[in-house]
Amino acid sequence: MEMAQNNQNRKKRRRFNTYRRSNQPVFQCPFCGENIRDLNTAIARREDGAPSHFDCVVKALNETEDLQKDERIWYLGNGSFGIVKERPNSRNNRFFIRKRIQYEDNEKKIEWRKNISEEILKRNRKNKSK
Numbered sequence: 002m003e004m005a006q007n008n009q010n011r012k013k014r015r016r017f018n019t020y021r022r023s024n025q026p027v028f029q030c031p032f033c034g035e036n037i038r039d040l041n042t043a044i045a046r047r048e049d050g051a052p053s054h055f056d057c058v059v060k061a062l063n064e065t066e067d068l069q070k071d072e073r074i075w076y077l078g079n080g081s082f083g084i085v086k087e088r089p090n091s092r093n094n095r096f097f098i099r100k101r102i103q104y105e106d107n108e109k110k111i112e113w114r115k116n117i118s119e120e121i122l123k124r125n126r127k128n129k130s131k
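Taking our numbering, the leading residue of the sequence shown gets 2, the next gets one more, and so forth.
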């Protein structure tokens with residue numbers, strides 16, 4: 002029974018890491034120096050657009066931004082982060098975005114991200130033709 006469960010978990014993990022197994026180049030995170038295993042979750046570093054681990058970017062923002070004790074860094078989407086403050090006594094709006102940080106440059110086309118998109122499109126076309 003346990004072996005069957007392990008096989009199911011292995012199959013699920015494989016599905017999410019398909020980009021990593023492709024013939025695309027391996028990138029290293031400029032913050033920690035480790036390989037980026039899943040480019041789908043990478044964030045483009047603001048200085049040069051290099052792919053970076055999401056967690057490394059959050060850690061760097063925590064170190065560079067002046068956070069109060071009840072504030073945290075949250076990902077807001079579309080390459081932006083926010084300094085979010087919790088309002089403990091509020092019923093409707095429990096959280097308040099004190100500062101929005103546009104981390105990725107949305108105007109610039111990032112080559113490594115374009116390659117991911119093209120590969121996903123190819124894979125989808127291939128799956129539809131089956």
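Think of the CB as a built atom: it goes at the ideal place given N, C-alpha and C, for glycine as much as any other residue.
Small disclaimer: the values here were computed from a predicted structure and weren't measured.
Check your understanding: Roughly how many angstroms separate the alpha carbons of isoleucine 74 and glutamine 103, rounded to a whole number?
Key -> Roughly 12 Å between the two C-alpha positions.
**Study point:** Alpha carbon of glutamine 29 to alpha carbon of aspartate 39, nearest angstrom
**Key:** So the alpha carbons of these two residues sit roughly 11 Å apart.
Practice item. Please say whether phenylalanine 82 and leucine 62 have beta carbons closer to each other than 8 Å? Key: Using a Cβ distance threshold of 8 Å, leucine 62 and phenylalanine 82 count as a contacting pair.
**Study point:** Nearest-angstrom Cα separation, counted from isoleucine 117 out to phenylalanine 17
**Key:** Because the pLDDT at phenylalanine 17 is just 49, under 50, the model does not fix this residue reliably, and the value given afterwards should be weighed accordingly. Separation of phenylalanine 17 and isoleucine 117 (C-alpha to C-alpha, rounded to the nearest whole angstrom) is 13 Å.
Point to revise | Three-state class that DSSP yields for lysine 133 in the structure shown | key: Nothing can be reported for residue 133: it is not among the residues displayed for the chain, which extend from 2 to 131.
Exercise for review: Look up isoleucine 37 in the DSSP assignment and say whether it is helix, strand or coil.
Suggested key: DSSP, reduced to helix, strand and coil, places isoleucine 37 outside both helices and strands of the structure shown, so it counts as coil.
**Study point:** Bridge partner(s) assigned by DSSP for glutamine 69
**Key:** Its beta-bridge partners do not exist; DSSP assigns none.
Check your understanding: Skipping 5 residues on each side, what residues in its chain have a beta carbon closer than 8 Å to that of arginine 21?
Key -> Its pLDDT being 48, under 50, arginine 21 is placed unreliably by the model, and nothing is read from it.
Point to revise | Reference asparagine 36; option with closest CA among Val59, Val27, Arg46, Ile111 | key: Per the Cα distances, Val27.
**Study point:** Local conformation of alanine 45 per DSSP, three classes
**Key:** Here alanine 45 sits in strand by DSSP.
Check your understanding: How would you label proline 52, buried or exposed, when you count the other beta carbons within 10 angstroms and need 16 or more for buried?
Key -> Here proline 52 is buried, its C-beta having at least 16 other C-beta atoms within 10 Å.
Review point. How close, in whole Å, do the beta carbons of glutamate 87 and arginine 95 come, if the pair is a contact with beta carbons under 8 Å?
Key: Correct: roughly 6 Å between the Cβ atoms.
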